[in-house]
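**Student:** Structure below; questions to follow.
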Amino acid sequence: MEQIPTYDVTLTGGPLDGKTLPVSGDPMEPPDSVVVQLPPENQLQAVYTPRVNTDPEGGPWVYQYIRTEPVLRADDASA
């Protein structure tokens, strides 16, 4: 069974500025966005999208903060 590779991305701006997270997949084809749930009591998630990293340090992508939105709960989806 082949393992999916992971790589680290740095989040820029927003509530998680400077945090590094592992992302699965090919680092040359980043996901359209990374959604990170904030502390559960907030019921919010932060959305970040990839930008080319112009800094020679780090990976090929930096993920820029776009927005904070409510977490969609399963019982909300059926309403």
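1 is the number of the first residue of the sequence shown in the UniProt record's numbering; add one for each residue after it.
Glycine is no exception: its CB is placed at the ideal position from the N, C-alpha and C atoms.
Give me the Cβ distance between Ser33 and Thr6, rounded to the nearest whole Å; I'm assuming they're in contact under 8 angstroms.
**Tutor:** What you label residue 33 is simply residue 33 of the sequence shown in a count that begins at 1. What you label residue 6 is simply residue 6 of the sequence shown in a count that begins at 1. With 8 angstroms as the limit, Ser33 and Thr6 do not qualify as a contact, their Cβ atoms being about 17 angstroms apart.
**Student:** Given a threshold of 16 other Cβ atoms within 10 Å of its Cβ, counted over all protein chains shown, does Val52 qualify as buried or as exposed?
**Tutor:** The residue labelled residue 52 in the question sits at position 52 within the sequence shown. It counts as exposed.
**Student:** Do the CB positions of Leu16 and Asp8 come within less than 9 angstroms of each other?
**Tutor:** For the purposes of this step, residue 16 is taken as residue 16 along the sequence shown, with counting starting at 1. For the purposes of this step, residue 8 is taken as residue 8 along the sequence shown, with counting starting at 1. No, the Cβ-Cβ distance between Leu16 and Asp8 is not below 9 angstroms.
**Student:** Shortest alpha-carbon distance to Asp55 belongs to which of Val71, Thr12 and Thr68?
**Tutor:** Here residue 55 refers to the residue found at position 55 of the sequence shown. Checking every option, the nearest Cα to that of Asp55 belongs to Thr12.
**Student:** Please state whether DSSP places Glu69 in a helix, a strand or coil.
**Tutor:** Along the sequence shown, one-based indexing puts residue 69 at 69. DSSP places Glu69 in strand when its eight states are reduced to three.
**Student:** Using only the alpha-carbon positions, how far apart do Glu57 and Thr10 sit?
**Tutor:** In the sequence shown, residue 57 corresponds to position 57, counting from 1. In the sequence shown, residue 10 corresponds to position 10, counting from 1. Glu57 and Thr10: Cα-Cα distance of roughly 11 angstroms.
**Student:** Could you check if Pro40 is buried or exposed, using at least 16 other CB atoms within 10 Å of its CB as the buried criterion?
**Tutor:** Here residue 40 refers to the residue found at position 40 of the sequence shown. It is exposed - the Cβ of Pro40 has fewer than 16 other Cβ atoms within 10 Å.
**Student:** Short of 7 angstroms in beta carbon distance, which residues of its chain neighbour Pro30, apart from the five on each side in sequence? Order them along the chain.
**Tutor:** Mapped onto the sequence shown, residue 30 falls at position 30. Around Pro30: Pro50 and Trp61.
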